[in-house]
Structures are given as C-alpha cells and as structure tokens.
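J.:
What follows is the structure in structure tokens.
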C-alpha cells in the first residue's frame, strides 16, 4: 500500500539542540517530495521540494535531504520560533500527506 | 508571493444546510485543491481541479461537490451539511509542472483555512 509515514509524532528540543525529522514513503513513481511548516490555526507553508535521490535543499536552520525511501528534515541549532508542525507530502499518481511531526523548542 | 484566500476563517452552520466555501488564488495556477484536516488524520484530499470546469475526486468526496467556473476561483459545496463534516477546510493551488499530468510535481500553496462547525 502506498503511504507516507512521519516520525516521530512529537519532538521536544532544547534551544540549540540539533535533530532530524523523518519522512518515509512507499509510493512508486515519485514526482516530488515536499516539506511544509504549519503553525496552529494556519495553513501549511511551503518549505522545500525534492525531486530525486541525493538532492538537498537548505534554508536558514533547515536542511532537507532525499533518498529512494525517505527524506530527512535536519534542524540545526533550533530556536523557539521553529516550534511548529512539519508536514511531508509526496506526489506520484496520487497526492499523499503525512500526519506531521509536532516540534517544540524550549528556550 | 503566492496568495490563496479563503472567504471565511470561521463558519457555523446547521445540519442540513447547503454550505459554500470559496477560495481565490492570485498566481494564475492551473491546479486547485480542497482538503479537510482533522486531528490524528492529517490532510485528506476531497477534490481537485486541473483546469477550469475540470475536477477529479480525491480520497473523501462523498457529501461534497466543487465548482470551478474561473481559473482563479474554486468552490467547495457541502450539499447537506452533517455534524461529521465539522472540520478545518484548506484550499491550495499549484502550477501545472513538467509533463502534463493531473498530479503536478509542483508544490501546493495553501490558504489559512476555514474552521467549519456544523451544529
């Protein structure tokens, strides 16, 4: 069954404590993998698109990587304002969204 | 910047009413989408449209219909609202992308959602 799974469901980090969020996918015919950030009460905000294994994208403290089976969102020295839910999505012959990782960064 | 605007942030309706949710995008995107988001279930696709007057069912189309008469506007209609349709509704748009496919390889850009309560 095609699906997208994110882990962990929730993550609490101290400010400055780097970590990674995982998105594993089992779809065939990947057309694109997308990372979004969602703040409470708002719509998802687009962060990155990855198209092929080995590709990497960076923006400030965030770095997204892609292999043939999973993607990682690395957060380096996070700040409290990085607290949000991070969503992973995949497009193949369908659209698939993961259920997200809720990140809390404690000052 | 892409702007996707949903007509209402909060809406309260009664069971059995016909409910219209409106969405407008200002980036001339070919594709538009309607999702609902519920705790623990994530985003679920209701319908999407890849061109004016064209639509495709998503994962949970039952009880909903859509209308796209103009490229910039996509409407979601709850034909007869029920309490299990209480949810956050999100509209999104995207460019067509490389190689024609209804399933674009371009990112979706979302509005801020409509929180709909059916009493």
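Protein chains in written order, with this note's numbering: chain A, 9 to 115; chain B, 7 to 125.
For glycine and all other residues, C-beta sits at the position ideal for the given N, C-alpha and C.
Values in this document were obtained by computation on a predicted structure and should not be read as measured data.
Taking a cut of 7 Å between CB atoms, which residues from the region 80–108 of chain B lie near chain A?
T.: For the region 80–108 of chain B, which is checked against every Cβ of chain A, the residues closer than 7 Å are 96.
J.: CB residue 93 of chain B to CB residue 121 of chain B, shorter than 9 Å?
T.: By 1-based counting over the second chain, the position of residue 93 of chain B is 87. By 1-based counting over the second chain, the position of residue 121 of chain B is 115. Going by C-beta atoms, residue 93 of chain B is nearer than 9 Å to residue 121 of chain B.
J.: Could you tell me which residues DSSP puts in a beta bridge with residue 76 of chain B?
T.: Locating residue 76 of chain B in the second chain gives position 70, where the first residue counts as 1. Residue 76 of chain B is bridged to B:79.
J.: Against chain A, does residue 35 of chain B count as a neighbour if the rule is that its beta carbon must be under 9 Å from one of theirs?
T.: To locate residue 35 of chain B, count along the second chain from 1; it is residue 29. Closer than 9 Å: no.
J.: Taking C-beta pairs closer than 8 Å, name the residues in chain A that residue 67 of chain B reaches, listed in chain order.
T.: In the second chain, the residue the question calls residue 67 of chain B occupies position 61. Chain A residues near residue 67 of chain B: none, gap ~14 Å exceeds 8 Å.
J.: Starting from residue 102 of chain A, find everything on chain B with Cβ-Cβ shorter than 8 Å and list it in chain order.
T.: Position 94 of the first chain, counted from the start, is the residue given in the question as residue 102 of chain A. Under the 8 Å cutoff, chain B gives 109.
J.: Are residue 55 of chain B and residue 99 of chain A close, meaning C-beta to C-beta below 9 Å?
T.: Counting from 1 along the second chain, the entry for residue 55 of chain B is found at position 49. Counting from 1 along the first chain, the entry for residue 99 of chain A is found at position 91. No, the pair does not count as a contact, with Cβ atoms beyond the cut-off.
J.: Between which two residues does the beta strand (DSSP E) containing residue 35 of chain B stretch?
T.: Position 29 of the second chain holds residue 35 of chain B. Premise fails: residue 35 of chain B is in no beta strand (DSSP E) and is neither H nor E.
J.: In the DSSP assignment, what are the bridge partners of residue 50 of chain B?
T.: What you label residue 50 of chain B is simply residue 44 of the second chain in a count that begins at 1. DSSP, once it has assigned bridges, lists B:42 as partnering residue 50 of chain B.
J.: Around the Cβ of residue 101 of chain A, are there at least 16 other Cβ atoms within 10 angstroms (buried) or fewer (exposed)?
T.: For this step, residue 101 of chain A is matched to residue 93 along the first chain. It is exposed - the Cβ of residue 101 of chain A has fewer than 16 other Cβ atoms within 10 Å.
J.: Name the chain A residues whose beta carbon is nearer than 7 Å to that of residue 27 of chain B?
T.: On the second chain, residue 27 of chain B is found 21 positions in, with the first residue counted as 1. In chain order: nothing, as chain A lies at least about 13 Å away.
J.: What do you get for residue 125 of chain B, buried or exposed, if any count of 16 or more other CB atoms within 10 angstroms of its CB means buried?
T.: If you number the second chain from 1, residue 125 of chain B lands on position 119. Looking at its Cβ environment, which holds fewer than 16 other Cβ atoms inside 10 Å, residue 125 of chain B is exposed.
J.: Could you pull out every residue in the same chain whose Cβ sits closer than 7 Å to the Cβ of residue 104 of chain B, ignoring the five residues on either side in sequence?
T.: For the purposes of this step, residue 104 of chain B is identified with residue 98 of the second chain, where counting begins at 1. Excluding residues within five positions, the ones whose Cβ falls inside 7 Å are 111.
J.: Starting from residue 57 of chain A, follow the beta strand (DSSP E) in both directions and report where the run begins and ends.
T.: Here the question's residue 57 of chain A lines up with position 49 in the first chain. Counting along the chain, the beta strand (DSSP E) containing residue 57 of chain A begins and ends at 53–58.
J.: Counting only C-beta atoms, is residue 10 of chain B closer than 9 Å to chain A at any point?
T.: Residue numbering aside, residue 10 of chain B sits at position 4 when the second chain is read from its first letter. True, the Cβ-Cβ gap to chain A drops below 9 Å.
J.: Could you give the first and the last residue of the continuous beta strand (DSSP E) run that contains residue 65 of chain A?
T.: Locating residue 65 of chain A in the first chain gives position 57, counting from the first residue. Taken as a continuous stretch (DSSP letters only), the beta strand (DSSP E) holding residue 65 of chain A covers 64–67.
J.: Taking its Cβ as the centre, do 16 or more other Cβ atoms sit within 10 Å of residue 62 of chain A, making it buried, or is it exposed?
T.: Translated into positions along the first chain, residue 62 of chain A becomes position 54. Answer is exposed; the Cβ neighbour count stays below 16.
J.: If contact is defined by three or more beta carbon pairs under 8 Å, each pair taking one atom from either stretch, is the region 18–35 of chain A in contact with the region 77–96 of chain A?
T.: In short, these stretches touch, since the Cβ pair count reaches three.
J.: Measure the C-alpha to C-alpha separation of residue 17 of chain A and residue 94 of chain A and round it to an integer number of angstroms.
T.: Numbered from its first residue, the first chain carries residue 17 of chain A at position 9. Numbered from its first residue, the first chain carries residue 94 of chain A at position 86. When rounded, the distance between both Cα atoms is 10 Å.
J.: Could you tell me how far apart the beta carbons of residue 92 of chain A and residue 47 of chain A are, in whole angstroms, since I believe they sit closer than 8 Å?
T.: Here residue 92 of chain A refers to the residue found at position 84 when the first chain is read from its first residue. Here residue 47 of chain A refers to the residue found at position 39 when the first chain is read from its first residue. Correct: roughly 5 Å between the Cβ atoms.
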